[in-house]
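> Got a structure for you, written out below as structure tokens; questions coming shortly.
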Amino acid sequence: MLDPKIIRESPDLVRAAIAKKHLEVDLDAVLAIDTLWRAQLQDVEALRSAQKAANTAMAALPKGSPEFLAKVSEMKAVSAQAKERDAQLKDTEERLRQAMLSVPNLPHASVPAGKTPDQNVVYATHGDVTAVSAAARPHWEIPGFEKLFDFARGAKVTGAGFPFYVGDGARLVRALLHFFLDENGKAGYVEVSPPILVNAASATATGQLPDKEGQMYETTPDHLYAVPTAEVPLTNFFRDEIVDEASLPIYRCAYTPCFRREAGSYGKDVRGLNRLHQFDKVELLKWVHPATSYDELDKLRLDAERLLQKLHLPYRVLLMCGGDLGFSQSKKYDLEVWSAGQQRWLEVSSCSNFETFQARRAQIRFRSKESGKPELVHTLNGSGLAVPRVLAALLENNLQPDGRVKIPSALVPYFGKEYLIFA
RNA sequence: GGAGAGGUGGCUGAGUGGUCGAUAGCGGCGCUUUGCUAAAGCGUUGUACGGGUAAAACCGUACCGGGGGUUCGAAUCCCCCCCUCUCCGCCA
């Protein structure tokens, strides 16, 4: 959620932000509801004030006295009116909340203009894309692939997009996760193993609810949600808390399976390991002082990049343009790994600064030594990394003429041998 | 899952219908005393929203786990929910 004061006092700033993100938001309607709400609030508060004054006066009167009884009947009318107006206020308040939630976060000044993904800026490219085997093929076409990554049985047991990883397949998944967690730990992120079901309050704080409930799996009868990313439980760790200023910045990382219903995709996007309903991911999360958040974003991105570098996977960094920025992000980089078999880039990490947008909704603050007042932290997150697409690129890029896959040296200690064998 | 006990400010802990944002203690902050520290004394000390201001000051309202209700008036009475603790059951 954006600061209501900014919307109220600098609507033009917000209009510019909406335009840069190429969104349609009726800001005038938001402002109109806000004006109505403030008028109604003052009205109700005046009535309450009258009630309180009467109560104080009544406390000093003898209980059954004529003056007392006169006050009671007088206040009955005021009380009824207050109740009625308060109901109207509550109604307006809910509409205002909805309206405020429709206003996106402001993009940072360094975010490039643009509307569509092709207008994202290629910020950096690492590794030689042409050096990888010309004989590479999409991972799902590698002979023996289905033995180690059993989609058919996954579909039988659960549904499409829930593969079994078997033998070296399972081992490689575990090796990657272990490698990611160890590397992130070395970079200063404290490892956390969070709940993977969350309640509605948590899903609301990070923005999955109320609009995107269709993208999550929901349990019955308890109405808990399977996490779409570790970002949800991790961010909510400090929900409704005031953290020690001296503890900032706080770095955390967590491995969780991630569950996504996401309907509507088709074709190459969803073949093989490209897009799944359940996948494994290590998430990086930071709570930082507002003054440092853009430095921290760069460092976060480099931490994620280092993982790809150590795996010797070619990748590029995209700086997202305004139109491709998410609703709640101020600035975002995507890391895309080169998939030699598919001859395309696959997104494996998305590193974002939310400034106070998430923190306001989740009420995560620190007490500023400077002002003495609680202030909202800035939150950042990024994948470090998502397993299946890294896996896809690794299989395709490192496929040998003999059908084996060479394991990157950094991963060998985790995998236990130098080659993955499909046979 | 069953039975019982509880949830009050940063913490401990009073308060069972009115003058209670809430006694007291601890902690924190400020001042005094002090060579320094400690100790003592005095004072001060929540958050949010709205109004107000150049910014403050200041004014108003709300907040005693969450939500509803009764009442002129609720921390206090009633209902529902959540959480914690104890005992029993079950269980990896």
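Just so we're aligned: 142 in my numbering is position 129 of the first sequence, and the numbers increase by one with no gaps anywhere.
C-beta: ideal position from N, C-alpha, C; glycine also.
1. Please name the residue, chosen from 291, 273, 72, 193, that lies closest to residue 428 on a Cα-to-Cα basis.
2. Indicate whether the contact test is met: 3 or more Cβ pairs, each with one atom in the region 244 to 254 and one in the region 214 to 231, closer than 8 Å.
3. Should residue 294 and residue 269 be called a contact, given that it needs their Cβ atoms to be closer than 8 Å?
4. On the premise that residue 228 lies in contact with residue 273, defined as a C-beta separation below 8 Å, what is that separation, rounded to the nearest angstrom?
5. Among residues of its own chain, excluding the 5 on either side of residue 242, which ones have a beta-carbon nearer than 7 Å to its beta-carbon?
6. Just how far apart, CA to CA, sit residue 414 and residue 155?
7. Just how far apart, CA to CA, sit residue 133 and residue 126?
8. Alpha carbon to alpha carbon, what distance is there between residue 52 and residue 18?
9. Determine the closest residue to residue 439 out of 302, 256, 396, 197, with distance taken between C-alpha atoms.
10. Mind checking which residues open and close the alpha helix (DSSP H) that includes residue 191?
11. Look at residue 265 and residue 202 and say whether their C-beta atoms are less than 8 Å apart.
12. In this structure, what does DSSP give as the bridge partners for residue 282?
13. Return helix, strand or coil for residue 269, following the three-state DSSP convention.
14. Which whole-angstrom value is the C-beta distance of residue 313 and residue 393, which I expect to be below 8 Å?
15. Taking its Cβ as the centre, do 16 or more other Cβ atoms sit within 10 Å of residue 130, making it buried, or is it exposed?
16. Which whole-angstrom value describes the C-beta separation of residue 73 and residue 84, a residue pair presumed to lie in contact below a C-beta threshold of 8 Å?
17. Three or more beta-carbon pairs under 8 Å between the region 280 to 289 and the region 249 to 264, yes or no?
18. Nearest CA to the CA of residue 183: which residue from 163, 200, 416?
19. For residue 431, write down the residues that DSSP places opposite it in a beta bridge.
20. Starting from residue 377 and walking both ways along the beta strand (DSSP E), at which residues does that stretch end?
21. Report buried or exposed for residue 375, applying the criterion of at least 16 other Cβ atoms within 10 angstroms of its Cβ.
22. Which runs of the alpha helix (DSSP H), 4 residues or longer, sit entirely within the region 65 to 131?
23. For residue 417, which residues in the same chain have their Cβ closer than 8 Å to its Cβ, ignoring the five residues on either side in sequence?
24. Tell me residue 152's beta-bridge partners as DSSP assigns them.
25. Taking the DSSP output, what are the residues bridged to residue 11?
26. What do you get for residue 204, buried or exposed, if any count of 16 or more other CB atoms within 10 angstroms of its CB means buried?
27. Going by other Cβ atoms of all chains shown within 10 Å of its Cβ, with 16 needed for buried, is residue 385 buried or exposed?
28. For the beta strand (DSSP E) containing residue 292, list its first residue and its last residue.
29. Could you give the distance in angstroms between the alpha-carbon of residue 518 and the alpha-carbon of residue 316?
30. Please report how far the alpha carbon of residue 63 lies from the alpha carbon of residue 91, in whole angstroms.
31. Per DSSP, which residues does residue 13 bridge with? Please list them.
32. Which of the three DSSP states, helix, strand or coil, is assigned to residue 218?
33. Would you check if the distance between the CB atom of residue 34 and the CB atom of residue 335 is smaller than 8 Å?
34. Using 8 Å as the threshold, is the C-beta distance between residue 389 and residue 406 below it?
35. Check this for me: beta carbons of residue 139 and residue 327, under 8 Å apart or not?
36. Report yes if the CB atom of residue 112 is closer than 8 Å to the CB atom of residue 46, and no otherwise.
Once the coordinates are examined:
1. The residue given as residue 428 occupies position 415 in the first sequence. It is 193 whose Cα lies nearest to the Cα of residue 428.
2. yes
3. The residue labelled residue 294 in the question sits at position 281 within the first sequence. The residue labelled residue 269 in the question sits at position 256 within the first sequence. Yes. Within cutoff.
4. For the purposes of this step, residue 273 is taken as residue 260 along the first sequence, with counting starting at 1. For the purposes of this step, residue 228 is taken as residue 215 along the first sequence, with counting starting at 1. Yes, residue 273 and residue 228 are in contact; Cβ-Cβ is about 6 Å, under 8 Å.
5. Start at 1 with the first residue of the first sequence, and residue 242 comes out as number 229. Excluding sequence neighbours, residue 242 sits near 271, 294, 296.
6. Here residue 414 is taken as the residue at index 401 of the first sequence, counted from 1. Here residue 155 is taken as the residue at index 142 of the first sequence, counted from 1. Taking the straight line from one Cα to the other gives about 11 Å.
7. In the first sequence, residue 133 corresponds to position 120, counting from 1. In the first sequence, residue 126 corresponds to position 113, counting from 1. Pairing residue 133 with residue 126, the inter-Cα distance amounts to about 9 Å.
8. The residue labelled residue 18 in the question sits at position 5 within the first sequence. The residue labelled residue 52 in the question sits at position 39 within the first sequence. Their Cα atoms are separated by approximately 16 Å.
9. Because residue 439 is not part of the residues shown, which for the chain are 14 to 436, the question remains open.
10. Residue numbering aside, residue 191 sits at position 178 when the first sequence is read from its first letter. From DSSP, the alpha helix (DSSP H) with residue 191 extends over 181 to 199.
11. Position 252 of the first sequence, counted from the first residue, corresponds to residue 265. Position 189 of the first sequence, counted from the first residue, corresponds to residue 202. Going by C-beta atoms, residue 265 is nearer than 8 Å to residue 202.
12. Position 269 of the first sequence, counted from the first residue, corresponds to residue 282. Residue 282 is not bridged to any residue.
13. Numbered from 1 along the first sequence, position 256 holds the residue referred to as residue 269. Here residue 269 carries a strand assignment [DSSP, helix/strand/coil].
14. Counting from one through the first sequence, the residue named residue 313 turns up at place 300. Counting from one through the first sequence, the residue named residue 393 turns up at place 380. Residue 313 to residue 393, Cβ: 6 Å. Contact.
15. Position 117 of the first sequence holds residue 130. Residue 130 should be labelled exposed.
16. For this step, residue 73 is matched to residue 60 along the first sequence. For this step, residue 84 is matched to residue 71 along the first sequence. So it is not a contact: roughly 11 Å between Cβ atoms.
17. no
18. Within the first sequence, residue 183 is the residue found at index 170, counting from 1. Nearest to residue 183 by C-alpha distance, out of 163, 200, 416, is 163.
19. Your numbering for residue 431 matches position 418 in the first sequence. Per DSSP, none; premise fails for residue 431.
20. The residue given as residue 377 occupies position 364 in the first sequence. Note, residue 377: beta strand (DSSP E), 377 to 380.
21. To locate residue 375, count along the first sequence from 1; it is residue 362. When all chains shown are included, residue 375 counts as buried.
22. If we require 4 residues or more, the alpha helix (DSSP H) runs fully inside the region 65 to 131 come out as 79 to 114.
23. Looking up residue 417 in the first sequence gives position 404. Once the five neighbours on either side are set aside, the close Cβ partners of residue 417 are 432, 433, 434, 435.
24. Residue mapping note: residue 152 aligns to position 139 of the first sequence, counting from 1. Looking at the DSSP assignment, residue 152 forms no beta bridge with any residue, so it has no partner.
25. Residue 11 lies beyond the residue range present for the chain, which begins at 14 and ends at 436; the question has no answer from this structure.
26. Taking the first sequence and counting its residues from 1, the one referred to as residue 204 is at position 191. Exposed: under 16 other Cβ atoms inside 10 Å.
27. Mapped onto the first sequence, residue 385 falls at position 372. When all chains shown are included, residue 385 counts as exposed.
28. Position 279 of the first sequence holds residue 292. Counting along the chain, the beta strand (DSSP E) containing residue 292 begins and ends at 291 to 301.
29. What is shown of the chain runs 14 to 436, which leaves residue 518 out entirely.
30. Within the first sequence, numbered from 1, the residue matching residue 63 stands at position 50. Within the first sequence, numbered from 1, the residue matching residue 91 stands at position 78. Cα-Cα distance, rounded: 8 Å.
31. Absent from the structure is residue 13, since the part of the chain shown begins at 14 and ends at 436.
32. Position 205 of the first sequence, counted from the first residue, corresponds to residue 218. Of the three classes helix, strand and coil, the one that applies to residue 218 here is helix, per DSSP.
33. As a working mapping, residue 34 is identified with position 21 in the first sequence. As a working mapping, residue 335 is identified with position 322 in the first sequence. Cβ atoms of residue 34 and residue 335: closer than 8 Å.
34. On the first sequence, residue 389 is found 376 positions in, with the first residue counted as 1. On the first sequence, residue 406 is found 393 positions in, with the first residue counted as 1. Not a contact, by the Cβ cut-off of 8 Å.
35. Numbered from 1 along the first sequence, position 126 holds the residue referred to as residue 139. Numbered from 1 along the first sequence, position 314 holds the residue referred to as residue 327. Going by C-beta atoms, residue 139 is nearer than 8 Å to residue 327.
36. Counting from 1 along the first sequence, the entry for residue 112 is found at position 99. Counting from 1 along the first sequence, the entry for residue 46 is found at position 33. Yes. Within cutoff.
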